[in-house]
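Trainee: Encoded as structure tokens, here's the structure I'll be asking about.
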Ligand code: ADP
Ligand code: MG
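Numbering (this note's numbering), first residue to last: 1 to 211.
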């Protein structure tokens, strides 16, 4: 099974709906260790993305993802805007003018996305950021593919690993981003960005699982 441009459009729509629905939850998480705006930031960004989506409705996957990226960078003030924006832009660059992607293309696009986040934010794993959810998710996706799993079961394993990664941010000490200002008081709270990354992973799976 391949992922089509139509899947990508549905994925972006689902992420927009999810961040709207989970806006208060993400903001609550950010109020504990940040400035209580993560839900509002992503909702603003993805609402703007939704207004741009009709312009790329029949375009290739690269154009869709690059539009998401540039819109997030230009509409989200917080750290997450440029970070997710860069991620979608880099994934879009990998996909270029293709209208379909294989499971291995998805791995390549996600790896480029994570490299973009790391290049921009300089966070390594274990610093209590979105990297701690996305990294293990990609590892699991690659491991599942190496074990011969098809796209759907591989994605299920990736989403499960992303959730484990998200939950593992709770005991971590934040050393990047606003949460790092809290020092030891950042310990004991789940990272908002790792949580939004998990929500995006779940949205991807849901779109591929749809009949
Ligand atoms: P801000 O921190 O500017 O208010 P948001 O609240 O929208 O921005 O996003 C906060 C999230 O961004 C954090 O929970 C964390 O996951 C992520 N984040 C912050 N700084 C970095 C970084 N340098 N690298 C990776 N992720 C980061
Ligand atoms: Mg914030």
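Note that the Cβ used here is the ideal one computed from N, Cα and C, for glycine as well. On a predicted model such as this, the values are computed, not experimentally measured, just so you know.
Using beta-carbon positions only, say whether residue 80 and residue 128 come within less than 8 Å of one another.
Mentor: No, the pair does not count as a contact, with Cβ atoms beyond the cut-off.
Trainee: Could you check whether the stretch 161-171 touches the stretch 132-150, counting it as contact only if at least three pairs of C-beta atoms, one from each stretch, sit closer than 8 Å?
Mentor: Judged by Cβ distances under 8 Å, the stretch 161-171 makes contact with the stretch 132-150, as three or more pairs qualify.
Trainee: What's the C-alpha gap between residue 55 and residue 183?
Mentor: Roughly 44 Å separates the two Cα atoms.
Trainee: Check whether the stretch 187-202 touches the stretch 18-29, counting contact only when three or more Cβ pairs, one atom from each stretch, lie closer than 8 Å.
Mentor: Yes: the two stretches touch, three or more of their Cβ pairs being nearer than 8 Å.
Trainee: Quick check on this structure: which residue in 113, 26, 40 has the alpha carbon closest to the alpha carbon of residue 66?
Mentor: Cα-wise, what sits closest to residue 66 is 113.
Trainee: Output the residues surrounding ligand 1, defined as those with a CB atom closer than 6 Å to any ligand heavy atom, in chain order.
Mentor: Per the Cβ criterion, the list is 30, 34, 35, 37, 38, 41, 78, 79, 80, 83, 117, 121, 122, 123, 129, 130, 131, 176, 177, 178, 191, 192, 193, 194.
Trainee: Look up residue 229 in the DSSP assignment and say whether it is helix, strand or coil.
Mentor: Here the chain covers residues 1 to 211 and nothing more, so residue 229 does not appear.
Trainee: What would DSSP say about residue 93, mapped onto helix, strand or coil?
Mentor: Three-state result, residue 93: helix.
Trainee: So, helix, strand or coil for residue 6, using DSSP?
Mentor: Reduced to three states, the DSSP call for residue 6 is helix.
Trainee: Which one or two residues does DSSP pair with residue 100 in a beta bridge?
Mentor: Looking at the DSSP assignment, residue 100 forms a beta bridge with 4.
Trainee: Since residue 141 contacts residue 107 with CB under 8 Å, what's their CB separation in whole angstroms?
Mentor: Their Cβ separation, rounded to whole angstroms, is 6 Å, which keeps residue 141 and residue 107 in contact under 8 Å.
Trainee: Within the continuous alpha helix (DSSP H) that includes residue 196, where are the two ends?
Mentor: Note, residue 196: alpha helix (DSSP H), 192-209.
Trainee: Would residue 72 be called buried (16 or more neighbouring beta carbons within 10 Å of its own) or exposed?
Mentor: Buried is the call here.
Trainee: Along the chain, where does the alpha helix (DSSP H) that runs through residue 189 open and close?
Mentor: Residue 189 -> no alpha helix (DSSP H), and no H or E assigned at all.
Trainee: Got a sec? Which residues, its chain only, sit under 8 Å from residue 190 by beta carbon, not counting five neighbours each side?
Mentor: Contacts found: 29, 166, 167, 169, 170.
Trainee: Under 8 Å between the Cβ atoms of residue 38 and residue 78?
Mentor: The answer is yes: Cβ separation under 8 Å.
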